[in-house]
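Right, one structure below, let's go through it.
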Ligand SMILES: Cc1cc2nc3c(=O)[nH]c(=O)nc-3n(C[C@H](O)[C@H](O)[C@H](O)COP(=O)(O)OP(=O)(O)OC[C@H]3O[C@@H](n4cnc5c(N)ncnc54)[C@H](O)[C@@H]3O)c2cc1C
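Quick look at the structure:
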């Protein structure tokens, strides 16, 4: 791969896209001090206050600010209208612009994928990884974990409105689920969780883990062992 300095460079792994998945992958791969990792992101750094103050979502989601702001193809079910699809374009990807709600799929989602032949994707298979990722401030049981990199907490400044809404639902016979009200908090994105973890240890080990940010990256190739180039 050619680096931004114009010198030829090689890496064991080149990850295209520093979103939720890319940041976690870079962090996990970097735990092996013998490998070098290059993480590339088309968006900007995640320094903007809009990405760190939760209210910033009101600005970045409707506008193409740290946001690819995609449109869908015309949707037959919407009388041909196109849907709006915000997606994060910055370090952290969509986790830098999302609503910070900690939520998981339903058991039947994962079991459905396993039933289609995807070994290792049943709910019982993935649950240990959810627990291992989590540092839940309130819950620690067979479903929720403590000590992981992703902090999960109740809202720090709860508004009274959700409580009124939940009480109204309860009055109609719906059961309250105390497990669904938690937030990722703080830090605010997967980049701040995963990349901050690799920065110091990898520098200490002299390991080469770099993260490039460039709006020039417009195309990518699947990152297989045969990947030889990532360029515009
Ligand atoms: C507005 C919004 C609110 C959400 N709210 C929640 C929530 O409250 N709770 C929750 O659990 N989930 C939420 N989500 C969903 C969650 O954030 C995403 O599912 C998750 O971040 C997806 O991770 P990913 O790694 O697949 O993609 P992303 O995090 O989107 O990462 C993809 C990255 O790849 C980069 N990229 C793309 N193409 C290239 C290229 N050619 N070269 C280099 N880089 C490239 C992008 O810029 C981006 O940074 C929300 C999403 C959005 C958009």
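Residue numbers (this note's numbering): 1131 to 1362. From the three backbone atoms N, C-alpha and C, an ideal C-beta is built for every residue, glycine too.
With 16 or more other Cβ atoms from the protein chains shown falling within 10 Å of its own Cβ, residue 1167 counts as buried.
Beta-bridge annotation (DSSP): residue 1145 is paired with 1169.
Only buried fits residue 1154, as 16 or more other CB atoms lie within 10 angstroms of its CB. Under the three-pair Cβ rule at 8 Å, the region 1218 to 1225 counts as touching the region 1175 to 1195.
Distance between residue 1275 and residue 1263, taken at the CA atoms: about 7 Å.
Counting only runs of 4 or more residues that sit fully inside the region 1175 to 1251, the alpha helix (DSSP H) segments are 1187 to 1190, 1237 to 1245, in chain order. Bridge partners of residue 1281 according to DSSP: 1265. The beta-carbon distance between residue 1323 and residue 1280, rounded to whole angstroms, is 6 Å. This is short enough to meet the 8 Å contact definition. Residue 1229 is classed as exposed because its beta carbon has fewer than 16 other beta carbons within 10 Å across all chains shown. The three-state secondary structure of residue 1275, taken from DSSP, is coil. Going by C-alpha positions, residue 1143 is about 44 Å away from residue 1289.
The three-state reading of DSSP puts residue 1303 in coil, since its state is none of H, G, I, E or B. Closest in alpha carbon position to residue 1257, among 1267, 1233, 1147, is 1233.
Ligand 1 never approaches residue 1235 closely enough for any of its heavy atoms to be under 7 Å from the residue's Cβ. For the options 1248, 1141, 1171, the alpha carbon positioned closest to that of residue 1164 is the one of 1141. Residue state for residue 1158 is assigned as helix, using DSSP reduced to three classes.
A straight-line Cα-Cα distance of about 23 Å links residue 1303 and residue 1235. Residue environment for residue 1185: exposed (fewer than 16 other C-beta atoms within 10 angstroms of its C-beta). Distances from the CA of residue 1267 to each of 1277, 1170, 1180 were compared; the closest alpha carbon is that of 1277.
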